[in-house]
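Peer 1:
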Amino acid sequence: MATGVNELLDMLFEMIDEAKNVPLSSDKCMLERDKALDLIDEIRGQFPMELAEAKKLLAARNDYLASAKREGDLIIQQAEEKAKQMLAEDELLAQAKQKGTEMLRQAEDRSRELKKAANEYCEDALRRTEEAVAEAYDEIKKSRTRFRAAAAGMSGGSAGQSQIFDAAAEEN
Numbered sequence: 108m109a110t111g112v113n114e115l116l117d118m119l120f121e122m123i124d125e126a127k128n129v130p131l132s133s134d135k136c137m138l139e140r141d142k143a144l145d146l147i148d149e150i151r152g153q154f155p156m157e158l159a160e161a162k163k164l165l166a167a168r169n170d171y172l173a174s175a176k177r178e179g180d181l182i183i184q185q186a187e188e189k190a191k192q193m194l195a196e197d198e199l200l201a202q203a204k205q206k207g208t209e210m211l212r213q214a215e216d217r218s219r220e221l222k223k224a225a226n227e228y229c230e231d232a233l234r235r236t237e238e239a240v241a242e243a244y245d246e247i248k249k250s251r252t253r254f255r256a257a258a259a260g261m262s263g264g265s266a267g268q269s270q271i272f273d274a275a276a277e278e279n
């Protein structure tokens with residue numbers, strides 16, 4: 108016999124469609140009451156089973172949609188968290204770059220200051236050295252002049268007596 112409600116409905120439709128018309132009426136027909144009632148009973152018997160299956164399918168569909176929505180929400184949440192993390196990392200990177208640039212600028216400023224101080228120190232040390240060398244040179248010239256004068260005085264003096272040059276006496 109028929110297995111589904113649709114087949115049973117098709118059989119009932121066919122029975123009504125093929126039924127003979129009532130004499131003197133075009134819209135009324137004669138059916139075998141028992142057969143029609145048996146088909147209707149079978150349809151009623153099949154409905155709860157098919158309705159239960161439909162309800163199960165609807166419940167499964169709703170569960171699947173809820174699961175998909177939860178999964179979609181989770182994916183969106185993870186994407187938002189990842190975006191926040193990336194934004195925080197970008198912000199941290201920007202701060203690090205800014206700090207690095209500032210440190211580099213400070214180091215360059217300090218380097219310029221140290222070079223300037225070193226140049227000033229060297230210039231001062233060289234000036235003092237030059238002054239000390241000039242004073243020593245002048246002193247050497249004076250000593251040499253005194254030595255020459257003393258040596259000339261020795262050769263012009265007595266032959267038997269030699270005069271010794273005393274630089275300490277000359278300073279006084």
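Whatever position you read off the sequence shown (first residue = 1), add 107 for the numbering used here.
Glycine included, each C-beta is placed from N, C-alpha and C at the ideal position.
1) For the alpha helix (DSSP H) containing D134, name the first residue and the last one.
2) Counting only the same chain and skipping the five closest in sequence on each side, list residues whose C-beta sits under 8 Å from that of L116.
3) Can you give the Cα-Cα distance for A195 and A232, rounded to whole angstroms?
4) Along the chain, where does the alpha helix (DSSP H) that runs through E125 open and close?
5) For the structure I just gave you, are there three or more beta carbon pairs, one from the segment 173-181 and one from the segment 132-148, closer than 8 Å?
6) Report yes if the C-beta distance between A126 and M118 is below 7 Å; otherwise report no.
7) Would you check if the distance between the CB atom of V112 and the CB atom of E157 is smaller than 7 Å?
8) Measure the alpha-carbon distance for D216 versus K206 and round it to whole angstroms.
9) Report the three-state DSSP secondary structure of A266 (helix, strand or coil).
10) Where DSSP assigns a beta bridge to N128, which residues make up the other side?
Peer 2: Let me lay it out:
1) No alpha helix (DSSP H) contains D134, which DSSP labels as neither H nor E.
2) I150
3) 54 Å
4) 112-125
5) no
6) no
7) yes
8) 15 Å
9) In this prediction, A266 scores a pLDDT of 47, lower than 50, which makes its location untrustworthy; no coordinate-derived value is stated.
10) C136
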